[in-house]
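Comments concern the structure below.
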Amino acid sequence: MARMKFICDSERCIECNGCVTACKAEHDVPWGVNRRRVVTLNDGIAGEKSISVACMHCSDAPCMAVCPVDCFYRTDEGVVLHDKDVCIGCGYCSYACPFGAPQFPTNGTFGLRGKMDKCTFCAGGPEANGSEAEFEKYGRNRLGEGKLPACAEMCSTKALLGGDGDVVADIFRTRVLTRGKGSEVWGWGTAYGRPAGAAAVKTEATKS
Amino acid sequence: MKALPLLGGLAAVLMLVACGEKPQTAATLKADGKPWETAQTAYTAQGWTAGDKTAWEQQLRARAQGQNEYSRAPVKP
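Here is the structure:
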């Protein structure tokens, strides 16, 4: 099996926040913590695009690299998880993460910062699979039940895809090829410019 | 009179207890179980058996295809 991955199809996301609600309900996520959020680009302008963002379970996760107590680990399925008994709640991971995935529950009179909480790809944590302790700390372990993350399975427009990276990529590729557009928001083209733009720049450089 | 040194010794031990060092063991990462080895419950999806990695992988692939509407309704030519 390849690595577990999420991808959000910006052409389909209708900003309904169903994924956010599904996640909060499934894992009893405390008030103030959002393991998943919907981000809208150019909000209010015609052609606005929305994407659902959570931990992307990076192959080379920066949170793992900066954690001073080494509380992160990666499962065989490529899911990045952490041990809350080891976490000291320092917040380094939240500065390192480009997606803002690490969340910190604040409670008490002085807003005491608790242990880090983030998307687990519905894979629980290091406690015994399906146990009460695992649910209390990390939420449901749907992978252990043979299910995919609740956010992806609940998505009404199937904008948010989750599962085996190969399968998810195939589904997304089929969509893009069928409709002839829609790969722009996520990926290389967005980060580094479209190939057409790059070609134009190259031509200019050659002329000068 | 014999009890006096004993009591003195006991008091000294009790007072020195505070000077002792408590063992400090850092919490270390616990080993996580494999998802396909999770005991099946009423909430477990049908179609695979606990402990069978291949069946579990197949189950997840089949479930992921539920997100692909083109596998349910073919594309019009």
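Protein sequences, first through last, are from chains A and B. When we follow the working numbering, the leftmost residue of the first sequence carries the number 986, and every step to the right adds one. When we follow the working numbering, the leftmost residue of the second sequence carries the number 10, and every step to the right adds one. Every residue gets a Cβ at the ideal spot worked out from N, C-alpha and C, and that includes glycine. On a predicted model such as this, the values are computed, not experimentally measured, just so you know.
Proximity winner among the options, relative to residue i (alpha-carbon distances)
{"i": "Phe991 of chain A", "options": "A:Arg1164, A:Gly1165 and A:Ala1135", "result": "A:Ala1135"}
{"i": "Ala1007 of chain A", "options": "A:Glu996, A:Arg1022 and A:Ser1044", "result": "A:Arg1022"}
{"i": "Cys1140 of chain A", "options": "B:Thr34, B:Leu16, B:Gln76 and B:Ser80", "result": "B:Gln76"}
{"i": "Lys62 of chain B", "options": "A:Met1101, A:Gly1129, A:Gly1029 and A:Leu1133", "result": "A:Gly1129"}
{"i": "Lys1103 of chain A", "options": "A:Tyr1123, A:Ala1113 and A:Lys1132", "result": "A:Tyr1123"}
{"i": "Ala1050 of chain A", "options": "A:Lys1034, A:Ser1116, A:Tyr1080 and A:Asp1061", "result": "A:Tyr1080"}
{"i": "Cys1078 of chain A", "options": "A:Arg1125, A:Met1101 and A:Pro1090", "result": "A:Met1101"}
{"i": "Tyr79 of chain B", "options": "A:Arg1160, A:Gly1167 and A:Lys1166", "result": "A:Arg1160"}
{"i": "Glu1105 of chain A", "options": "B:Ala21, B:Pro44 and B:Ala20", "result": "The sequence shown places Thr at residue 1105 of chain A, rather than the Glu named in the question. With distances taken between Cα atoms, Thr1105 of chain A lies closest to B:Pro44."}
{"i": "Cys1075 of chain A", "options": "A:Thr1060, A:Pro1053 and A:Leu1066", "result": "A:Pro1053"}
{"i": "Thr47 of chain B", "options": "B:Gly60, B:Ala71 and B:Gly18", "result": "B:Gly60"}
{"i": "His1012 of chain A", "options": "A:Lys1034, A:Gly1115 and A:Asn1092", "result": "A:Gly1115"}
{"i": "Gln67 of chain B", "options": "A:Gln1088, A:Ala1137 and A:Met986", "result": "A:Met986"}
{"i": "Cys1056 of chain A", "options": "A:Val1065, A:Gly1165 and A:Cys1072", "result": "A:Cys1072"}
Counted within 10 angstroms of its Cβ, other Cβ atoms place residue i as buried (16 or more) or exposed
{"i": "Val1153 of chain A", "result": "buried"}
{"i": "Thr1163 of chain A", "result": "exposed"}
{"i": "Cys28 of chain B", "result": "exposed"}
{"i": "Gly1182 of chain A", "result": "Legend: pLDDT at Gly1182 of chain A = 49, less than 50; position of this residue unreliable, value from coordinates given subsequently. That one is exposed."}
{"i": "Ala1046 of chain A", "result": "buried"}
{"i": "Gly1017 of chain A", "result": "exposed"}
{"i": "Asp41 of chain B", "result": "buried"}
{"i": "Ile1156 of chain A", "result": "buried"}
{"i": "Arg1201 of chain A", "result": "In the structure displayed, chain A extends from 986 to 1193; residue 1201 of chain A sits before or after that span and is not available."}
{"i": "Glu1121 of chain A", "result": "exposed"}
{"i": "Cys1119 of chain A", "result": "According to the sequence as given, residue 1119 of chain A is Glu; it is not Cys. Buried is the call here."}
{"i": "Gly6 of chain B", "result": "Residue 6 of chain B is absent from the model: chain B starts at 10 and stops at 86."}
{"i": "Met24 of chain B", "result": "exposed"}
{"i": "Ile1030 of chain A", "result": "exposed"}
{"i": "Asp994 of chain A", "result": "buried"}
{"i": "Ala1176 of chain A", "result": "Legend: pLDDT at Ala1176 of chain A = 49, less than 50; position of this residue unreliable, no value from coordinates given."}
{"i": "Cys1004 of chain A", "result": "buried"}
{"i": "Val1186 of chain A", "result": "Residue confidence for Val1186 of chain A is low, a pLDDT of 47 falling below 50, so the modelled location carries little weight; the figure read from the coordinates is stated next. Classification for Val1186 of chain A: exposed."}
{"i": "Glu1117 of chain A", "result": "exposed"}
{"i": "Ser1037 of chain A", "result": "buried"}
{"i": "Val26 of chain B", "result": "exposed"}
{"i": "Ala21 of chain B", "result": "exposed"}
{"i": "Gly1096 of chain A", "result": "exposed"}
{"i": "Glu30 of chain B", "result": "exposed"}
{"i": "Ala82 of chain B", "result": "exposed"}
{"i": "Glu1112 of chain A", "result": "buried"}
{"i": "Lys1009 of chain A", "result": "buried"}
Enclosing alpha helix (DSSP H) for residue i [first to last residue]
{"i": "His1012 of chain A", "result": "Gly1003 to His1012"}
{"i": "Phe1120 of chain A", "result": "Glu1117 to Tyr1123"}
{"i": "Val1071 of chain A", "result": "It is not in any alpha helix (DSSP H) - Val1071 of chain A carries neither H nor E in the DSSP assignment."}
{"i": "Val26 of chain B", "result": "Ala12 to Val26"}
{"i": "Val1051 of chain A", "result": "Pro1047 to Val1051"}
{"i": "Glu1138 of chain A", "result": "Ala1135 to Met1139"}
Span of the beta strand (DSSP E) around residue i
{"i": "Ile1156 of chain A", "result": "It is not in any beta strand (DSSP E) - Ile1156 of chain A instead sits in the alpha helix (DSSP H) that spans Gly1150 to Arg1164."}
{"i": "Leu1066 of chain A", "result": "Val1065 to His1067"}
{"i": "Leu69 of chain B", "result": "Not the beta strand (DSSP E): Leu69 of chain B falls in the alpha helix (DSSP H), residues Lys62 to Ala73."}
{"i": "Val1023 of chain A", "result": "Arg1022 to Leu1026"}
{"i": "Ala989 of chain A", "result": "The sequence as given places Met at residue 989 of chain A; Ala does not occur at that position. That run of the beta strand (DSSP E) goes Met989 to Cys993."}
{"i": "Arg81 of chain B", "result": "Neither: Arg81 of chain B is in no beta strand (DSSP E) and is coded neither H nor E."}
{"i": "Lys31 of chain B", "result": "Here Lys31 of chain B belongs to no beta strand (DSSP E), and DSSP marks it neither H nor E."}
{"i": "Arg1059 of chain A", "result": "Phe1057 to Arg1059"}
{"i": "Ile1036 of chain A", "result": "Lys1034 to Val1038"}
Nearest-angstrom Cβ-Cβ length linking residue i and residue j, presumed shorter than 8 Å
{"i": "Asp1068 of chain A", "j": "Gly1099 of chain A", "result": "About 14 Å separates the two Cβ atoms, so there is no contact after all."}
{"i": "Leu69 of chain B", "j": "Asp1149 of chain A", "result": "6 Å"}
{"i": "Thr53 of chain B", "j": "Gly1131 of chain A", "result": "6 Å"}
{"i": "Gly1063 of chain A", "j": "Arg1127 of chain A", "result": "Gly1063 of chain A to Arg1127 of chain A, Cβ: 16 Å. No contact."}
{"i": "Ala1108 of chain A", "j": "Cys1040 of chain A", "result": "Contact doesn't hold; Cβ gap of about 11 Å is too wide."}
{"i": "Arg1020 of chain A", "j": "Ala1144 of chain A", "result": "Actually they do not touch by this definition, with Cβ atoms about 17 Å apart."}
{"i": "Pro1090 of chain A", "j": "Pro1015 of chain A", "result": "5 Å"}
{"i": "Asp1197 of chain A", "j": "Ala36 of chain B", "result": "Chain A is shown from 986 up to 1193; residue 1197 of chain A falls before or after that span and cannot be answered."}
{"i": "Arg5 of chain B", "j": "Leu1133 of chain A", "result": "Any property of residue 5 of chain B remains undetermined from this structure, which presents chain B solely from 10 to 86."}
Report the residues of the segment 1137 to 1152 of chain A with a CB closer than 7 Å to any CB of chain B, ordered along the chain.
Those residues of the segment 1137 to 1152 of chain A that come within reach of chain B (Cβ to Cβ, closer than 7 Å) are Ala1137, Lys1143, Leu1146, Gly1148, Asp1149 and Val1152.
Taking only beta carbons into account, state which residues of the segment 28 to 46 of chain B come closer than 9 Å to chain A, listed in chain order.
Within the segment 28 to 46 of chain B, the qualifying residues are Ala35, Ala36, Thr37, Leu38, Lys39, Ala40, Asp41, Gly42, Lys43, Pro44, Trp45 and Glu46.
Report the residues of the segment 1028 to 1054 of chain A with a CB closer than 8 Å to any CB of chain B, ordered along the chain.
Against chain B - using a Cβ distance shorter than 8 Å - the residues of the segment 1028 to 1054 of chain A are Val1054.
Could you name the residues of the segment 66 to 79 of chain B whose beta carbon sits closer than 8 Å to any beta carbon of chain A, in the order they occur along the chain?
So the list reads Glu66, Gln68, Leu69, Arg70, Arg72, Ala73, Gln74, Gly75, Gln76, Asn77, Glu78 and Tyr79, given in the order they occur along the chain.
What residues from the segment 1054 to 1079 of chain A come within 8 Å of chain B, judged by C-beta to C-beta, listed N to C?
Listed by position along the chain: Val1054, Asp1055, Cys1056, Tyr1058, Thr1060, Asp1061, Glu1062, Leu1066, Asp1068, Asp1070 and Val1071.
Closer than 7 Å between beta carbons: that is the criterion. Which residues of the segment 1114 to 1140 of chain A meet it against chain B?
Those would be Asn1114, Gly1115, Asn1126, Leu1128, Gly1129, Glu1130, Gly1131, Lys1132, Leu1133 and Ala1137, in chain order.
Note down, in chain order, all residues in the segment 1151 to 1165 of chain A with a beta-carbon under 7 Å from any beta-carbon belonging to chain B.
Of all residues in the segment 1151 to 1165 of chain A, those with a C-beta nearer than 7 Å to a C-beta of chain B are Val1152, Val1153, Ile1156, Thr1159 and Thr1163, reading in chain order.
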